[in-house]
Structure formats: C-alpha cells, structure tokens
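Chemist: There's a structure below that I have some questions on.
There are 2 protein chains.
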Amino acid sequence: MGGDHGPEVIIPGAAISLERHPQLKFQLVGDQKRIEAVLSSHSDLRSKSIITHTDIHIAMDDKPSQAVRRGKGSSMWMAIEAVKNGDADVVVSAGNTGALMAMAKLILRPVADVERPAIAALWPTVRSESIVLDVGANIGATAEQLCDYALMGAGMARALFHVERPTVGLLNVGVEEVKGVDEVKQAHAWLRDNDNLPINYYGFVEGDQIGQGLVDVIVVEGFAGNIALKTAEGTARQIAQYLRDAMIRSIFSKIGALMAQGGFKILREKMDPRRVNGGTFLGLNGIAVKSHGGTDPLGFASAVDLGYDMAEAGLVQRVTMDLTAFHSRLNARVAS
Amino acid sequence: MGGDHGPEVIIPGAAISLERHPQLKFQLVGDQKRIEAVLSSHSDLRSKSIITHTDIHIAMDDKPSQAVRRGKGSSMWMAIEAVKNGDADVVVSAGNTGALMAMAKLILRPVADVERPAIAALWPTVRSESIVLDVGANIGATAEQLCDYALMGAGMARALFHVERPTVGLLNVGVEEVKGVDEVKQAHAWLRDNDNLPINYYGFVEGDQIGQGLVDVIVVEGFAGNIALKTAEGTARQIAQYLRDAMIRSIFSKIGALMAQGGFKILREKMDPRRVNGGTFLGLNGIAVKSHGGTDPLGFASAVDLGYDMAEAGLVQRVTMDLTAFHSRLNARVAS
C-alpha cells in the first residue's frame, strides 16, 4: 500500500520481477479490492500470488514511533511478520522509511548483538556498483558498529557481486591530523589488523573515490552517509540540467544533440536511479528492502530483484555467522 | 612556493588576477631566484610586486603540527604574518592545507571568541554559486559553532553575492526522528528564533538541495561537509566519464557530439573546478585563501579574486561585529 502510488505501481513492478525470476511467489498485503483491481490485468502474477487483506496502512508521514505503537495489523506490519514467521523470505516496501525501519527492527530483531541495523544503498560507479552503508538509519557510529557495517556490507556484496572476499573501504576526510574521528581510526585499526575477517580491507577512501568503484563496500556513519548519497543524487540532477541547457543554446547543439541521441540514451540509462532502486536494512533476522516511494514499476522491480538475490544467497545466515565470530573475537580481546 | 608547481603557476595566476583588478599589489614570498625567473616575463605584475626572500618553505606532506613548530621564517609563515602586520589584506596559498590552517589560526588568531575557524567552499549550483562550510577544518561542531559558521558564511555571501541578508540553510538528513543530531537541532532552534541575526534563515536543507542553489549559505560540521564536497566532485567526474563513453559508442553519436561541441564547451565551463577555486578560512583576524594545490594559473587567479572581493567588502570587520553581537546575546540568554 506504500509509496506515492500504492498497488498501481507495486503490482506491475512485481510482475516485471516475476518475468525475470519465474520461481518467485508473492504475498500481497493490503486492501484486497485495490489489489485485485490491478492484479486482474497481470494473470501470471495472479497465479503466483496470495492476497492478505487488511484495512490498516501506515501513511507516508506517520512518525516511526507512532507507527510502531499503533501499526499492528497494518499492511507493513503483516508483511514484516510474514518474514519473521518464515512465510516469506523478503519484505519489500515503497512505504514510510522510518516506520519500516522501526517496525522491522522491532519484529525481526537485530542479529548477533548488533546494536544498530544499517541502511545500505547500491551506488552506481564507473565500473559497476558499490554498496554504501549506513546511509541514514543512525547518526554517529562507534568503532565496533563501523566494523559491523563492514561485515554486513560485505555479506551484501558477496550476495550481489559474487565475490568471496569483498573489498571494503572506510570513508574518511583527507585533512591530516583533524581531531574527533577516533571511532573511524579505531575501526580502521581493527579492520586492518584482523586477518580473520572475510573481507579484503582497503583502508580509508574519500568522498570523490566512491563513484570510482574502488571498493565493493564503503562504510560510513549514517549522517555523513546520508548526506553523501543525497549530494551525489543532487549533483547528478544538476549536471543533467546543465547538459540540457547547454544543448539548446544553438541550432548546431540542437542538431548535434539530436544526432547523438543514442549516446544520450546510454547516458540516461547509466544515470537512471531506477536501475539501482532499493535501500536494504542490514543486521536484522530477515531481509527488508525499501524502494523509493516515488518510483515506477521498473524501479520497484529492481527492489524486488535485490531482495531476491540476497535471499537466494543466504545473506542473513552468513552475516549472522560473520558478526558472531567477530564479536566473540573482539570480546576475547577486551577480556584478555 | 606551494602547490604542485610553485611560482610557475602562482605568478602567471597573479598576473591574470591583476588584469582583472588593476588596483591589486602583490607581496611574493619565497625563493627570490625562482620568483624572479618567472616574474621577468610578466612586466605589469613585476611593477606591482615586491619580493620577500626566504629559503624555507613548507612541504606539501609536512604535518600541520610540525609546520607550526618549525615553520617560522617559511614563505607560508611570512605571508600570513604580512596580513597580521597589516602589510597585506589577504594571504593566498596553494600549499599544504593543514599547515596553512594551523599557522593562520596561530598567527592571525580567531575573532570574537570563535573556537573553531572553518573552511568555506564555493559550490557551483544551477542558479549560480553557494557557500558551504565547514568542509573539513574540524570534525563535529557544537550548536554554537554551527551558528558561528552561519554568521561567517553569511559574511562571505554578503561580500561575494552582494546581498545584505543572505539566506542560510542547515544541512541535515531527511530521516525523521533519528537520534544524535542534538547539535543540529539546537542550532536550528537558535537560528530560527533569533530575529536579530543579519541572515535570512531558511531551515534544514538536504544533500540533494545544495546544487539547486536554494540558499546562499549551507552550514554543516566538517566531517560530513568534506565528504559532501568530495562526493560532489567525484560524481561530476563520474558523469563526465559516462558522457565521454556514451558519445563514442556510435558514429552518429560521434558526429552529433562534434556538432554539439559548442554545447559541450558550455557544459565544461559550467563544471570547470577552476572557476570557483579556493577554500576560505573564516573566523580569523584576517583573510586566508587556500587554492587547490594542483591548479593552473586560471584557477589560482580565481583564488586571488576571491580574496580580493572579501577584503574589499571588509569581511573580517563585519563578521567580527556579527559574531560578537551573537555571542553576547547568547551569553545573556544563558545567564538569565
């Protein structure tokens, strides 16, 4: 029921994802009548879906704390509960991000003593894609939490990019000897010195290196991570605007742009946010994917694909194992 | 002597700026022989310059703390001292950022009980330019420091954009009810409720709004600010790469790109980092501008222009006045 359009986007999106992954099955949770109205024109999806009716749904502007208190029985709640009960492998929602995060944390519970689940984003790079986390689930992070993010992100990279030891970088600023990043420095030392981690630790990376695809996973606390993600989106839109303006400045530019439209099409596809739609909540006993609220069916399908790939790879089991091993080594070190 | 090229870039850069501002005078501090060798082919600049010789200079990789301890008598030190002594209005350097910051803080001293001078960057937007600070002088900031940044940035905006009450936004993340941004929330309350401030407070802005030119000044603590700046630079390079790749994919695209080269030229100029070269250290008893180390003469000239505009507008005097007034109101409120 979530997102700007509800079933009218969700269901065609699910249908696209089903074409790509015919083994998918769907549990559609929400207003039965609205769902059936759209589902009637997607017969393949209809035969692979069950509908779970509820009248209640979380509004896009509900506060997360309210949503958690009063949300029981809502479509979002029931969809997350389906994952908890083992009826579903993944929950995908285009709804209220904060509410989804809070509810997923409450219902699915964090794995392996993780204090703070994180939101991971797929970030397009000149090579392919990288995973950046945390992009806004929390503000600030301790050294241990940053290391947790590294392991969670690596689990996601393993599932999506099919590399056994993903490369991981820690986002930092370049100015030397600035004070106050003790957490980042401590995390750096742990990741560097801990040979047992199932990652290939690269070291520090700076903001301008994210888009270069230098590493599979980039770790940062959520305030700076959210600002980085939004700034990159804004810069992309800004340059697209510059480009449009520049191309209509003269008749030559206009004709040239027309002739080069195949090239511009490739550029648009490269920059299409729908290709990598979906933030993933990592660190929970279950997979929850958040699609952009304003996306279209193609974008929603990307979010479903993302959930499918992670579930198929056994992401939660692997990340739980890695985090448990890391925490016990860390505790042993502290105790000794 | 600083930057990747020293006098070979600095002096032609100063010559370009002199053409634009014939009333400029220069004190060139460094190795006399190297300076004279380049200056000989710039007769206009030569007649407007004095050379102050020194053998010592700060290397690009010297640690700031070392530079401060051992830097006395270096070209950087003497250039900053010229501002302190009133011999110069502005110091411009392409050298070691951390060393320049530390030395400028030590020699010029912060104004009006400012605890943390900040580095401000000019950020190109779809409208024109905005000022973003802090982009890396400090990590973290208290609510009072964020308000100081707002006033410093507003002073710079007044000098450069010629608006009496610049609009100011506070960079924040969009996720609701996230914890730990108490400083940002407190600064927001103070900026919103304090009618006496010489600014037009806009409220929170998010990372994707920076490039939209929504406000004249964007305030953020230095870790997230540095990451935002670097991420925007990286994203611009990444898209330029996409564009180049897309335009050589077919013969039509190549011909089209050739015809549209006027348009592409405008785009390149819009995105040219040399146009807005120069980070400014704000909150000191004097103006210090840091040019990118790897810039060319045109870029260095932009940094000199920046310093010229700020000195001409009486930036330091105005910012000192605004900060003193704000601090005394804040203290009165705390005392009452």
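Line by line, the protein sequences give chains A and B.
Positions in the first sequence are counted from 1; adding 177 to them yields my numbering.
Positions in the second sequence are counted from 1; adding 177 to them yields my numbering.
Glycine residues also receive a C-beta, built at the ideal position from the N, C-alpha and C atoms.
1) Below 9 Å on C-beta distance, what does A/N454 contact in chain B?
2) Within the chosen definition, does the region 484 to 496 of chain A reach the region 452 to 469 of chain A through at least 3 CB pairs nearer than 8 Å?
3) By the 10 Å Cβ neighbour count, where 16 or more other Cβ atoms means buried, how is A/K202 classified, buried or exposed?
4) Can you check whether the CB of B/E398 is closer than 8 Å to the CB of B/G317?
5) Can you pull the chain A residues whose beta carbon is under 9 Å from the beta carbon of B/F429, in chain order?
6) Taking only three categories from DSSP, how would you classify A/T231?
7) Using DSSP's beta-bridge definition, name the partner residues of A/P287.
8) Counting only Cβ pairs nearer than 9 Å, list the residues of chain A close to B/Q322.
9) List the DSSP bridge partners of A/T344.
10) Hey, how far is the Cα of A/S307 from the Cα of A/G180?
11) Please determine, among B/R304, B/V312, B/T302, B/P301, the residue with the shortest C-alpha to C-alpha distance to B/P294.
12) Inspect the beta-carbon positions of B/T229 and B/V206 and report whether they are closer than 8 Å.
13) Measuring CA to CA, which of B/D264, B/V269, B/Y419 is closest to B/H469?
14) So, with DSSP's three-state summary, where would you put B/V481?
15) Could you give the C-beta distance for A/P184 and A/I212, rounded to a whole number, given that I count them as a contact under 8 Å?
16) For A/G411, which three-state DSSP category applies?
17) Is the distance from the Cβ of A/L277 to the Cβ of A/G463 below 8 Å?
18) What does the Cβ neighbour count give for A/K442, buried or exposed, with the cut at 16 atoms within 10 Å?
19) Between the region 418 to 428 of chain B and the region 251 to 266 of chain B, do at least 3 Cβ pairs fall closer than 8 Å?
20) With DSSP as the reference, identify every bridge partner of B/G402, one or two as the case may be.
21) Are the region 323 to 334 of chain A and the region 409 to 416 of chain A touching by the rule of at least three beta carbon pairs closer than 8 Å?
22) Pick out the complete beta strand (DSSP E) segments inside the region 179 to 250 of chain B, 3 residues or longer, and give them in chain order.
23) Would you kindly report the start and end of the unbroken alpha helix (DSSP H) that includes B/I432?
24) I think A/Y378 touches A/L391, with their Cβ atoms under 8 Å apart; what is that distance to the nearest whole Å?
25) With three or more beta-carbon pairs closer than 8 Å as the criterion, would you say the region 373 to 389 of chain B touches the region 344 to 352 of chain B?
26) Nearest chain A C-beta to B/G248 closer than 8 Å, yes or no?
27) Is A/L299 helix, strand or coil by DSSP?
28) Buried or exposed for A/A214, please, with buried defined as at least 16 other CB atoms from any protein chain shown within 10 angstroms of its CB.
29) Cβ of B/A192 within 8 Å of Cβ of B/D221?
30) Please list, in chain order, all residues of the same chain as B/F381 whose beta carbon is under 6 Å from its beta carbon, the five residues on each side excluded.
31) With DSSP as the reference, label A/S468 as helix, strand or coil.
32) By alpha-carbon positions, which one of B/I188, B/A320, B/A289, B/N315 ends up nearest to B/A297?
33) Terminal residues of the continuous beta strand (DSSP E) containing B/V397?
34) Let me see if you follow: with CB-CB separation under 8 Å, is A/Q386 close to chain B or not?
35) Within 10 Å of its beta-carbon, does A/E292 have 16 or more other beta-carbons around it, so buried, or fewer, so exposed?
36) Just to confirm the assignment, what range does the beta strand (DSSP E) spanning B/V493 have?
Modeler: On the basis of the data shown:
1) Residues of chain B passing the Cβ test: none, with the nearest at roughly 16 Å.
2) yes
3) exposed
4) yes
5) M436, A437, Q438, G439, G440
6) coil
7) A/L461
8) Simply none; closest approach about 12 Å.
9) A/N377
10) 25 Å
11) B/V312
12) yes
13) B/V269
14) helix
15) 5 Å
16) helix
17) no
18) exposed
19) no
20) For B/G402, which the question treats as bridged, DSSP gives no partner whatsoever.
21) no
22) 203 to 207, 226 to 230
23) 428 to 436
24) In fact, because the Cβ distance is near 13 Å, the residues do not count as touching under 8 Å.
25) yes
26) no
27) strand
28) exposed
29) yes
30) L347, N349
31) coil
32) B/N315
33) Counting along the chain, B/V397 falls outside any beta strand (DSSP E), and DSSP gives it neither H nor E.
34) yes
35) exposed
36) Where B/V493 is concerned, there is no enclosing beta strand (DSSP E), although the alpha helix (DSSP H) it sits in stretches over 492 to 512.
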